[in-house]
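Colleague: Numbering (my numbering), first residue to last: 61 to 480.
Beta carbons are placed, not taken as given, at the ideal position from N, Cα and C, and that holds for glycine.
None of these values were measured; they are calculated from a predicted model.
Quick one: the structure is below, and I'll ask about it shortly.
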């Protein structure tokens, strides 16, 4: 990351990255607007959290002003880039995306479940974790009783599990030459929560018609060219010295450095989480989005560096904001769309991101593959993105491209001035 110690330098780096050239200044008023959104200052000033400890869309100024579904920070910058490229075609413009692609589609999957069943051994492990977890006693009991519905006396070798075809995600994405990130949960959690995932790296799964462990599936996915990231536990977002261990667990499985994270349940505190992620050595996050709505939490579709409000400086963690999550479209207490409305609204966001040349980030949970409604929306978005010449990428690919691109940006010719 290019170091920036002042607000103006922090904002200017973001502007340079979108324009694809250095040296075009923006006015003070626009600078303050951009800083306010990227630093997520509204979340600090209006520190209200929902029942899961998250800052949700009803608290957003953008939704009250009717801008939540628009990348409104990007729109004037896209217009400026288009105008200046026509006026100065000889300037050293850096393309936004590889191979001349018109915009990006970042594909991600939160792996919350790997099986719809529990063996007796797995069930006792779930109960033990629940007993150790913090949270309301009634919620613990409800979840422990609910886990009985997943108990099967069939052996892992003979039972049929509807979730055991994760390879279908890879097949669909590969059809368009796209790649994605799978965020896996750690096996061991230092401070459990009733909201945490409960699978283990050694649990059995069937992947590509072969019986294997979860850790084997992770390795197969990685070797095939997909990306593996960390799905941080609920309390890792707010408690110190947890994320580093969880990251090490994933690295121990795949044998490579893990750079990306999405916090489980999108549990995220703007005053603590970015710093904890940086301290754990993570390089990019994709948590800033909503559980119960879709849209642009920071008003942008582009990546930006996280801001530390304590030190008043940027952190070496690149935020790749999440814009559309499957659960927000269909679940109770969210939008509760039908298929037609979900596709209409998602394609509408896709069009708006394509218009500014940005990046639309999707989050689809693999355990919903068997729901035709959820699967159909994902397929439609991939088809539409491919038709529009989008770059379908993983979080890791996006981080690599964006950071290298930042370092390669060149300056406009001396004395040129065409800012906003």
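Where does residue 391 sit, in a helix, a strand or coil, going by DSSP?
Modeller: The sequence position of residue 391 within the chain shown is 331, counting from 1. Note: residue 391 maps to coil in three-state DSSP.
Colleague: What are the partner residues of residue 164, as DSSP defines its beta bridges?
Modeller: The residue you call residue 164 lines up with position 104 of the chain shown. Residue 164 is bridged to 419 and 451.
Colleague: On the CB-based measure, 16 or more other CB atoms within 10 Å of its CB, does residue 327 come out buried or exposed?
Modeller: As a position in the chain shown, residue 327 is number 267, starting the count at 1. By the neighbour-count rule (16 or more Cβ atoms within 10 Å), residue 327 is buried.
Colleague: From this set, 453, 451 and 409, which residue's C-alpha is nearest residue 132's C-alpha?
Modeller: For the purposes of this step, residue 132 is taken as residue 72 along the chain shown, with counting starting at 1. Considering only alpha carbons, the answer is 409.
Colleague: Here's the rule: buried if 16 or more other CB atoms are within 10 angstroms of the residue's CB, otherwise exposed. What is residue 288?
Modeller: Along the chain shown, read from residue 1 onward, the residue named residue 288 stands at position 228. When all chains shown are included, residue 288 counts as buried.
Colleague: Alpha carbon to alpha carbon, how far is residue 170 from residue 371?
Modeller: As a working note, residue 170 is residue 110 in the chain shown. As a working note, residue 371 is residue 311 in the chain shown. Using only the alpha carbons, I get a separation of about 31 Å.
Colleague: For residue 323, which residues does DSSP report across the bridge?
Modeller: Walking along the chain shown from the start, residue 323 turns up at place 263. The partner list for residue 323 (beta bridge, DSSP) reads 292.
Colleague: Can you tell me whether residue 404 is buried or exposed, with buried defined as 16 or more other CB within 10 angstroms of its CB?
Modeller: Here residue 404 refers to the residue found at position 344 when the chain shown is read from its first residue. So residue 404 counts as exposed.
Colleague: Please confirm if the segment 359-373 is in contact with the segment 94-108, defined as three or more CB-CB distances below 8 Å between the two stretches.
Modeller: Enough Cβ pairs lie closer than 8 Å, so yes.
Colleague: How far does the beta strand (DSSP E) with residue 379 in it reach, from first residue to last?
Modeller: Counting from 1 along the chain shown, the entry for residue 379 is found at position 319. Residue 379 -> beta strand (DSSP E) spans 373-379.
Colleague: With a 10 Å radius around its C-beta and 16 neighbouring C-beta atoms as the bar for buried, classify residue 284 as buried or exposed.
Modeller: Counted from its first residue, the chain shown places residue 284 at position 224. Residue 284 should be labelled exposed.
Colleague: Does the segment 376-396 come close enough to the segment 344-355 that 3 or more CB-CB pairs lie under 8 Å?
Modeller: A contact exists between the segment 344-355 and the segment 376-396.
Colleague: Can you tell me which of 108, 227 and 312 puts its alpha carbon nearest to the alpha carbon of residue 280?
Modeller: Walking along the chain shown from the start, residue 280 turns up at place 220. If we check each option's Cα against that of residue 280, 227 comes out closest.
Colleague: So the alpha helix (DSSP H) residue 244 belongs to, where does it begin and stop?
Modeller: The count along the chain shown starts at 1 and reaches residue 244 at position 184. Unbroken run through residue 244 is the beta strand (DSSP E), 241-244; no alpha helix (DSSP H).
Colleague: Considering Cα atoms alone, identify which of 74, 331 and 305 is closest to residue 250.
Modeller: Numbered from its first residue, the chain shown carries residue 250 at position 190. Here the closest residue by C-alpha is 305.
Colleague: What's the gap between the Cα of residue 217 and the Cα of residue 271?
Modeller: The residue labelled residue 217 in the question sits at position 157 within the chain shown. The residue labelled residue 271 in the question sits at position 211 within the chain shown. Because the pLDDT of residue 217 is 48, which lies under 50, any placement of that residue in the model is unreliable, and the number read from its coordinates should be weighed accordingly. Cα to Cα, the separation comes out at about 7 Å.
Colleague: Quick check: the Cα distance between residue 213 and residue 71, rounded to an integer number of angstroms?
Modeller: Counting from one through the chain shown, the residue named residue 213 turns up at place 153. Counting from one through the chain shown, the residue named residue 71 turns up at place 11. Model confidence at residue 213 stands at a pLDDT of 43, short of 50, so the residue's coordinates are unreliable and nothing is read from them.
Colleague: So what does residue 49 bridge to, in DSSP terms?
Modeller: Lying outside 61 to 480, the shown extent of the chain, residue 49 is not represented and no answer is given.
Colleague: Considering only residues of the segment 86-157, which uninterrupted alpha helix (DSSP H) runs meet the minimum length of 4 residues and lie entirely inside it, listed in chain order?
Modeller: Within the segment 86-157, the complete alpha helix (DSSP H) runs of at least 4 residues are 88-98, 101-105, 121-124 and 134-147.
Colleague: Since residue 267 sits in a beta bridge, which residues does DSSP pair it with?
Modeller: Working through the chain shown from its first residue, we reach residue 267 at position 207. In the DSSP output, where bridge partners are listed per residue, residue 267 has 270.
Colleague: Any contact of the segment 227-242 with the segment 453-466, i.e. 3+ C-beta pairs under 8 Å?
Modeller: Yes, the segment 227-242 touches the segment 453-466.
Colleague: Considering only their Cβ atoms, is the gap separating residue 122 from residue 359 smaller than 8 Å?
Modeller: For the purposes of this step, residue 359 is taken as residue 299 along the chain shown, with counting starting at 1. For the purposes of this step, residue 122 is taken as residue 62 along the chain shown, with counting starting at 1. Contact: yes.
Colleague: Are residue 141 and residue 78 touching if we call contact CB-CB under 8 Å?
Modeller: Looking up residue 141 in the chain shown gives position 81. Looking up residue 78 in the chain shown gives position 18. Yes.
Colleague: Tell me which residues share the same chain as residue 106 and place their Cβ nearer than 7 Å to its Cβ, disregarding the 5 neighbours each side in the sequence.
Modeller: Mapped onto the chain shown, residue 106 falls at position 46. For residue 106, where only same-chain residues beyond five positions count, the Cβ hits under 7 Å are 119.
Colleague: In whole angstroms, what separates the C-alpha of residue 211 from that of residue 459?
Modeller: For the purposes of this step, residue 211 is identified with residue 151 of the chain shown, where counting begins at 1. For the purposes of this step, residue 459 is identified with residue 399 of the chain shown, where counting begins at 1. Here the model assigns residue 211 a pLDDT of 49, short of 50, so the residue's position is not dependable and the matter cannot be decided.
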